[in-house]
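Heads up, the sequence shown is in this note's numbering, so the first residue is 1 and it goes up one at a time. In this text, a Cβ means the ideal position worked out from N, Cα and C, and glycines have one as well. What follows is one structure encoded as structure tokens, with my remarks underneath.
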Amino acid sequence: MAVLLKLLPVVLVVIASVMHAGWNLLLKRCRDKHASAWLFLLISALVCSPMPLFAGGLSISALGLMCAVLGSLMGALHFLLLGFGYQIGDLSHVYPLSRGLMPVLTLAWAVLLLGERPSLLGLSGIVLVGVGAYVLHVREATPRGLIRPLKELGSRPSQIAVALAFVLSVMALVDKVGVSLVELAIYVPLLYTLRPAFLTPYVLYAKRGIIKAEWRENKWALVVAGVACPLNYLMVLYAFRMAEVSYVTALRQLSVVFGVLMGWLLLGESYGRIRFLASILIFTGAFLIGMAM
Numbered sequence: 001m002a003v004l005l006k007l008l009p010v011v012l013v014v015i016a017s018v019m020h021a022g023w024n025l026l027l028k029r030c031r032d033k034h035a036s037a038w039l040f041l042l043i044s045a046l047v048c049s050p051m052p053l054f055a056g057g058l059s060i061s062a063l064g065l066m067c068a069v070l071g072s073l074m075g076a077l078h079f080l081l082l083g084f085g086y087q088i089g090d091l092s093h094v095y096p097l098s099r100g101l102m103p104v105l106t107l108a109w110a111v112l113l114l115g116e117r118p119s120l121l122g123l124s125g126i127v128l129v130g131v132g133a134y135v136l137h138v139r140e141a142t143p144r145g146l147i148r149p150l151k152e153l154g155s156r157p158s159q160i161a162v163a164l165a166f167v168l169s170v171m172a173l174v175d176k177v178g179v180s181l182v183e184l185a186i187y188v189p190l191l192y193t194l195r196p197a198f199l200t201p202y203v204l205y206a207k208r209g210i211i212k213a214e215w216r217e218n219k220w221a222l223v224v225a226g227v228a229c230p231l232n233y234l235m236v237l238y239a240f241r242m243a244e245v246s247y248v249t250a251l252r253q254l255s256v257v258f259g260v261l262m263g264w265l266l267l268g269e270s271y272g273r274i275r276f277l278a279s280i281l282i283f284t285g286a287f288l289i290g291m292a293m
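Below, the structure written as structure tokens:
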């Protein structure tokens, strides 16, 4: 029984990683990414709505509310960028690059804002993520193919992935402060209610004509994504309470590998073997960074 209890956080994080990559797969498959993201975020808000009933109280400090608003704004921006990224780029490209660079930027924030000094482990992780990001853009094992990433790194999908990583790193820092100030049963529903609210003006302005069609075509996929999105987040938060934060943070990067495998095997995206190798490098680097934090 003791062994099973020790393994439980690992199992939770692995399942959460599959779920995270899974709802990204569902979003990539939808015709209009922004309308679909908005629809499944509305479902996520509905799923989270009973949570305040289990809260110790409904009070929230001004700083806690500010974190929830800023975190939600970053979350809405994340889905906006994600929609643009998946519209023009592959899941097996945009997903691992954005998720893999996020811990690198988070470590950079810790150095710049908190005065932390990166360890050898952290620096080794940064190098591996960098190598993985480079390999992600390789198309063939020839001298010309090995030079091509220097050009591909400036492509629009790569630029969006880097912007996504930046937004995710800021969101992670804000949420880290937020959950320390506000009870989870209040903070999480706030996030998932405000995110679609911030997306609403853009969706109603630019996507109004396609919302009904998107729902008709993909409603069950959107329901699954709407449930999976907050559920994987809650599973990770629960794992944080059962194991070292650094271990959980590091293991979460498994989603990078799952995302590439889903894009390659389920969507038939190109350069699968090369991108799988890149995802292993990115995961290893991100894992080391997580262990160093």
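Helix, strand or coil at residue i according to DSSP, with G and I counted as helix
i, result
"residue 217", "helix"
"residue 87", "helix"
"residue 22", "helix"
"residue 137", "coil"
"residue 238", "helix"
"residue 112", "helix"
"residue 207", "coil"
"residue 50", "coil"
"residue 253", "coil"
"residue 185", "helix"
"residue 118", "coil"
"residue 29", "helix"
"residue 16", "helix"
"residue 62", "helix"
"residue 92", "helix"
"residue 271", "coil"
"residue 39", "helix"
"residue 44", "helix"
"residue 292", "helix"
"residue 266", "coil"
"residue 243", "coil"
Of the residues the options, the one placed nearest residue i, counting alpha carbons only
i, options, result
"residue 181", "284, 267, 57, 156", "57"
"residue 62", "77, 242, 171, 177", "177"
"residue 26", "159, 225, 117, 219", "225"
"residue 222", "53, 148, 35, 144", "35"
"residue 175", "64, 130, 99", "64"
"residue 197", "286, 37, 60, 153", "37"
"residue 121", "264, 115, 107, 9", "107"
"residue 130", "98, 219, 52", "98"
"residue 208", "84, 32, 172", "32"
"residue 10", "24, 113, 134, 236", "236"
"residue 172", "67, 154, 219, 7", "67"
"residue 24", "8, 85, 50", "85"
Own chain partners of residue i with C-beta closer than 6 angstroms, once the 5 adjacent residues on each side are dropped
i, result
"residue 170", "74"
"residue 55", "183, 185, 186"
"residue 101", "165"
"residue 279", "96, 256, 257, 260"
Sub-8 angstroms separation of residue i and residue j beta-carbons
i, j, result
"residue 124", "residue 288", "yes"
"residue 118", "residue 292", "yes"
"residue 30", "residue 188", "no"
"residue 136", "residue 93", "yes"
"residue 239", "residue 12", "yes"
"residue 104", "residue 126", "yes"
"residue 138", "residue 282", "no"
"residue 71", "residue 191", "yes"
"residue 80", "residue 28", "no"
"residue 285", "residue 132", "yes"
"residue 232", "residue 16", "yes"
Spatial neighbours of residue i in its chain, beta-carbon cut-off 8 angstroms, leaving aside the 5 residues before and after
i, result
"residue 111", "117, 118"
"residue 52", "58, 185, 186, 189"
Cutoff 7 angstroms; reference residue i; Cβ partners in own chain excluding five residues on either side
i, result
"residue 69", "194"
"residue 14", "254"
"residue 109", "169, 173"
"residue 210", "32, 35"
"residue 290", "103, 246, 249, 250, 253"
heavy atom of the ligand NAD below 7 angstroms from residue i C-beta
i, result
"residue 287", "Within the structure as shown, the ligand NAD is missing, as the structure has no ligands at all."
* Asked: Touch check for the region 241 to 260 and the region 209 to 224: three-plus C-beta pairs under 8 angstroms?
  -> Segments in contact, no.
* How do the region 42 to 60 and the region 267 to 286 stand: do at least 3 beta-carbon pairs fall below 8 angstroms, yes or no? -> With a cut-off of 8 angstroms on Cβ pairs, the region 42 to 60 is not in contact with the region 267 to 286, counting fewer than three such pairs.
* Asked: Is the region 152 to 161 close to the region 200 to 208, with three or more CB pairs under 8 angstroms?
  -> Flag = no, the region 152 to 161 and the region 200 to 208 do not touch.
* Asked: Would you call the region 220 to 236 and the region 17 to 24 in contact, with 3 or more CB pairs under 8 angstroms?
  -> These segments touch.
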